[in-house]
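*Asks:*
In this note's numbering, the protein residues as written are 285 to 1006.
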């Protein structure tokens, strides 16, 4: 008999369970944390910009050659592109789930390289960027100047030179963009009349700038081969690229027939300014520059967000006075809150299972055996999740919550069977051996049946299958570990812990167990109340005691709770025995009533079956009436607003509309930050003078308990439309 081996070797059974638990503990800290399982297909993005070109020109000269080459790349599902009136081109190539993202990037880059010879010359010089990217923004860091000391141009340049590369090097970061980027550039404003008078064109000016503004490799003086006796070899450094507006103004554009020189300053005005002013970013009504951060698909969202905050805190030490940083858009608070709530549910489920087991088994020895199966099965599942590449998300944790009620069932069957034979006069060891001969098969069968219920979910295809696969396998693995535990550790513990009536069973909960329970209650409950008392009466305590009491308050509360419950061991056990006596009486009455009801229903079996069929029909009808959806609507802690004005609307008109919307949003209760972007649609990943976007970061969850706040989204929309 399989279980007999572990009954005779309880230490070996305990070691196996400890190994499973340790493997889970080591794995849980390596698991990525996310809100939901990763269901987004791998995405590779291709970007380039054709300055001055319209969307039609971009589509004909850039989109067509690139997409002809990229189409049909190995593993591709579909691709979508956008050509915008600011000369921008964006191609998103989506691959099948499971395709290696690094290999997908290489395949797309090779196809793009084949299209490079067909692209305009300016694109060849600027280059085409191919990169892998998660389609969702994790968070957005914003640089701003509360006092107005720095404009958007300075903030953009600082973000580009001092911040962006630092953030891009962080582990788990896929890409860092700059929203409202305005790079320093030399702007040359041509005067058409002066050009016409001197018989020049803009092409002549461009050629002159290219010919006279380039890097010069000047070589060296004294470099071999030279005559013998050369003592020095000096590298030459000459002024190559021009750096100031005055230097650019002196560029010679043309030499007339009589020898006079036409310089750039004669036909144009040269200023140092922004390369592009099409996109404007504002944070809470102030000029700002955003740095949207994308995470890698397998990265831990919370670790990446924490690393970004730590790095920005470090970089902020070197900020010039008057500059600060804020996180204006963040998806991690909802992840933290949801994971926290699921862990609370996990804790509550364990407590409920412990209480129910204690009520029905009515002594701590019997209750310890099924409760020992909970940490082994639940924590051990983390190891299987790490091997399978799962993440800690709402679905996997919810699966563990459901598994808590399942994993104790097999152990309870073992305990009840052993106690039955002990009551018939067998010793605990012989009772355990006899019981396992009877229940080993049923325990194994129950485990296989439960696993077979959830395993078919792993064969679901598409996004739905990827979404629920982790949920199903989490429950199946925990059930398998529970079955193994019930055949190894549970019988070994039953042979050691269980005693005949009258031997060690009088105490329901011994003082060490009550001490642990009291310590936990004190740690969780007492600090809040004691801190409130210290705030009111702490001034009466000695000055040296108050800081120590505040610092070690949780542990002091833990000790107080443990001592208090241990001191009440006798009355608590007396009350528990009285409660169990009343419970057993009530349970016997309930059982008798149930049996009486069953006897009556057996006489009208046809009617019962008709009611059953009616309930099935009602269930089907209710199922069809319920609204359907992929994920329930939830408070994510932020809002995303996309605004699109009529085609050809000017940048000034869009900016005015976005400022009006910004004012409405900032006056709304519950709003923490508002990031406004004019000239770009972050939802559509498109640029245009008629596009606008807003990220609205809401207050923390504990500050938004008022149910009236749910209607403010409709109020914002209606106010803006009015």
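Ideal Cβ positions, reconstructed from N, Cα and C, are used throughout, including at glycine.
Between the alpha carbons of residue 287 and residue 784, how many angstroms are there, rounded?
*Replies:* Each residue's alpha carbon lies about 21 Å from the other.
*Asks:* Can you tell me whether residue 571 is helix, strand or coil according to DSSP?
*Replies:* Strand, per DSSP.
*Asks:* Hey, quick one: how far does the beta strand (DSSP E) through residue 376 stretch, first residue to last?
*Replies:* Segment 372-379, the beta strand (DSSP E) holding residue 376.
*Asks:* Straight-line CA distance for residue 672 to residue 757?
*Replies:* The straight-line gap from Cα to Cα measures roughly 9 Å.
*Asks:* Leaving out the 5 sequence neighbours to the left and right, which residues in its chain are closer than 8 Å to residue 686 when beta-carbon positions are compared?
*Replies:* Only 759 meet the Cβ criterion.
*Asks:* Which of helix, strand or coil does DSSP assign to residue 448?
*Replies:* Three-state DSSP puts residue 448 in a helix.
*Asks:* Touch check for the segment 977-987 and the segment 944-955: three-plus C-beta pairs under 8 Å?
*Replies:* Yes, the segment 977-987 is in contact with the segment 944-955.
*Asks:* Between the segment 318-337 and the segment 366-384, can you find at least three pairs of beta-carbon atoms closer than 8 Å?
*Replies:* Touching, yes.
*Asks:* Leaving out five residues before and five after residue 402 in sequence, what residues of the same chain have Cβ atoms less than 6 Å from its Cβ?
*Replies:* The answer, listed in chain order, is 349.
*Asks:* Would DSSP call residue 442 helix, strand or coil?
*Replies:* Residue 442 falls in the helix class under three-state DSSP.
*Asks:* Could I get the ranges of all uninterrupted alpha helix (DSSP H) runs contained in the segment 532-587, with 4 residues as the minimum, in chain order?
*Replies:* Listed in chain order, the complete alpha helix (DSSP H) runs (minimum 4 residues) inside the segment 532-587 are 548-551.
*Asks:* Going by C-alpha to C-alpha distance, which of 854, 807 and 857 sits closest to residue 842?
*Replies:* It is 807.
*Asks:* Report the partner residues of residue 414 according to the DSSP bridge assignment.
*Replies:* Residue 414 pairs with 330.
*Asks:* Per DSSP, which residues does residue 426 bridge with? Please list them.
*Replies:* DSSP, once it has assigned bridges, lists 574 and 610 as partnering residue 426.
*Asks:* Out of 446, 420, 412 and 318, which one is the CA nearest neighbour of residue 427?
*Replies:* Comparing Cα positions, the closest option is 446.
*Asks:* Who are the Cβ neighbours of residue 713 in its own chain at under 6 Å, not counting the five residues just before and after it?
*Replies:* The residues are 779.
*Asks:* From the DSSP output, in three-state form, read off residue 954 for me.
*Replies:* Residue 954 falls in the coil class under three-state DSSP.
*Asks:* Distance check for residue 393 and residue 534, CA to CA, integer angstroms please.
*Replies:* Rounded to whole angstroms, residue 534 to residue 393 spans 41 Å at the Cα level.
*Asks:* With a cut-off of 8 Å, do at least 3 Cβ pairs link the segment 571-582 to the segment 476-492?
*Replies:* Contact between the segment 571-582 and the segment 476-492 is absent, because fewer than three Cβ pairs lie under 8 Å.
*Asks:* Which of the three DSSP states is assigned to residue 471 in this structure?
*Replies:* Strand.
*Asks:* Given this structure, state the Cα-to-Cα distance separating residue 507 from residue 513, to the nearest angstrom.
*Replies:* Whole-angstrom Cα-Cα distance: 12 Å.
*Asks:* When the Cα of residue 410 is compared with those of 364, 455, 474 and 332, which residue comes out closest?
*Replies:* It is 332.
*Asks:* Following the continuous beta strand (DSSP E) through residue 460, name the residue where it begins and the one where it ends.
*Replies:* Start and end: 457-460.
*Asks:* Residues in the same chain with beta-carbon distance under 8 Å from residue 351, minus the five sequence neighbours each way, listed in chain order, please.
*Replies:* Once the five neighbours on either side are set aside, the close Cβ partners of residue 351 are 363, 365 and 375.
*Asks:* How about the segment 514-523 and the segment 486-506: do they share at least three Cβ pairs that are nearer than 8 Å?
*Replies:* A contact exists between the segment 514-523 and the segment 486-506.
*Asks:* Taking only the alpha-carbon atoms, compute the straight-line gap between residue 796 and residue 305 and give it to the nearest angstrom.
*Replies:* The alpha-carbon atoms of residue 796 and residue 305 are separated by roughly 23 Å.
*Asks:* The alpha helix (DSSP H) with residue 724 in it runs from where to where?
*Replies:* Its alpha helix (DSSP H) spans residues 712-738.
*Asks:* When the Cα of residue 499 is compared with those of 527, 511 and 488, which residue comes out closest?
*Replies:* Answer by Cα proximity: 527.
*Asks:* Return the bridge partner residues of residue 980 from the DSSP annotation.
*Replies:* Answer is 923 and 958.
*Asks:* For residue 742, collect the residues of the same chain with a Cβ closer than 7 Å to its Cβ; drop the 5 residues on either side in sequence, then sort them by chain order.
*Replies:* If we look at residue 742 and ignore the five residues flanking it on each side, its Cβ neighbours are 753, 756 and 757.
*Asks:* Checking 8 Å against the spacing of the C-beta atoms, do residue 860 and residue 653 come in under that value?
*Replies:* In this structure, residue 653 does not lie closer than 8 Å to residue 860 by Cβ.
*Asks:* Can you tell me whether DSSP reads residue 967 as helix, strand or coil?
*Replies:* Coil at residue 967, not helix or strand.
*Asks:* For residue 561, count neighbouring C-beta atoms within 10 Å of its own C-beta (all shown protein chains included) and say buried if the count is 16 or more, exposed if not.
*Replies:* Exposed.
*Asks:* Is it the case that the segment 731-740 contacts the segment 649-663, given that we only count it when at least three CB pairs across the two stretches are under 8 Å?
*Replies:* No: the two stretches stay apart, fewer than three of their Cβ pairs being nearer than 8 Å.
*Asks:* Is it buried or exposed, residue 886, if we count other Cβ atoms within 10 angstroms and call 16 or more buried?
*Replies:* Label assigned to residue 886: exposed.
*Asks:* Assuming residue 971 contacts residue 459 under a Cβ cut-off of 8 Å, what Cβ separation, rounded to an integer in Å, is found between them?
*Replies:* The Cβ separation is near 17 Å, so there is no contact.
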